[in-house]
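Data first, discussion second: the structure below is written as structure tokens.
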Amino acid sequence: GAVVSQHPSRVICKSGTSVKIECRSLDFQATTMFWYRQFPKQSLMLMATSNEGSKATYEQGVEKDKFLINHASLTLSTLTVTSAHPEDSSFYICSARDRMREPPDTQYFGPGTRLTVL
Amino acid sequence: AQKITQTQPGMFVQEKEAVTLDCTYDTSDPSYGLFWYKQPSSGEMIFLIYQGSYDQQNATEGRYSLNFQKARKSANLVISASQLGDSAMYFCAMSPLPNSGYSTLTFGKGTMLLVSP
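Residue numbers (our numbering), protein chains in the order written: chain Y, 4 to 121; chain B, 1118 to 1234.
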């Protein structure tokens, strides 16, 4: 399958700091990338959809000023958690869609980033 | 709106046996795609298999097959000859087709599969 990388894999930060997470599609161009949040033993919760060259579309209840998304190129999207607080601690996982690959519209996921805010 | 239901929070199977993970769905979209993903303890979501709603045959991918029953709106995953490495969380998901740039995946709550020796 397609390869998506995510960096860092794990980050611990102090409350009030900002954290940037990078998501890269390594072997394909991704016009659309997605950011999810996952709490322990729960399913993935979509936070936002990011299309290259346009503003991200945020899901209801997700603060766009808190979770800044930039899709600067066809292979890179970044999620910045601004002024992080302990309640932002979670597993963040990105995915990218390769529209040229079969089966159609399959999302390929990165390995995830575990954020811990102290 | 789309909805995925996975009624089995956990499943146990012995090595080398087959196991079926249930998934039912609800949608008003005339065409759609169904996906299964595996999430081991490392956290990465691994794409396993895909079924299009208009595909006549059930999808197969190695030891994975999808038992697609459109009238019943079910898309069960069958894993044959289970291996210890199959122990993981399994998610069923769907999206409408054709997929616009803003179409998203709807996930079920997942089923934890444990394979014992």
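Glycine included, each C-beta is placed from N, C-alpha and C at the ideal position.
These numbers come from a predicted model, not from an experiment.
With its beta carbon less than 8 Å from one in chain B, residue 111 (chain Y) belongs to the interface.
Under the DSSP assignment, residue 1186 (chain B) falls in the beta strand (DSSP E) whose first and last residues are 1181-1186. Closer than 8 Å at the C-beta level to chain Y, one finds these residues of the segment 1201-1212 of chain B: 1208 and 1212.
Where residue 1231 (chain B) is concerned, the enclosing beta strand (DSSP E) starts and stops at 1228-1233. Scanning B:1137, B:1156 and B:1182 for the CA closest to the CA of residue 1204 (chain B) turns up B:1156.
Residues 25 of the same chain have their beta carbon placed closer than 6 Å to that of residue 10 (chain Y), with the five preceding and five following residues left out of the count. In this structure, residue 86 (chain Y) lies near residue 21 (chain Y), with their beta-carbon atoms less than 8 Å apart. Under the Cβ distance rule, residue 53 (chain Y) does not count among the residues neighbouring chain B, no pair being separated by less than 8 Å. Setting aside the 5 residues that flank it on each side, residue 120 (chain Y) is surrounded in the same chain by 16, 18, 87, 88, 89, 91 and 92, each with a C-beta closer than 7 Å to its C-beta; the list follows chain order.
By a beta-carbon distance limit of 8 Å, residue 7 (chain Y) contacts residue 112 (chain Y). Their separation comes to about 6 Å. From the listed residues B:1177, B:1132 and B:1139, the smallest Cα separation to residue 1207 (chain B) is found for B:1139. Straight across, the Cα-Cα distance linking residue 51 (chain Y) with residue 1120 (chain B) is about 19 Å.
Look at residue 25 (chain Y) here: in three-state DSSP terms it is strand.
Straight-line spacing of the CA atoms in residue 76 (chain Y) and residue 1166 (chain B) works out to 28 Å.
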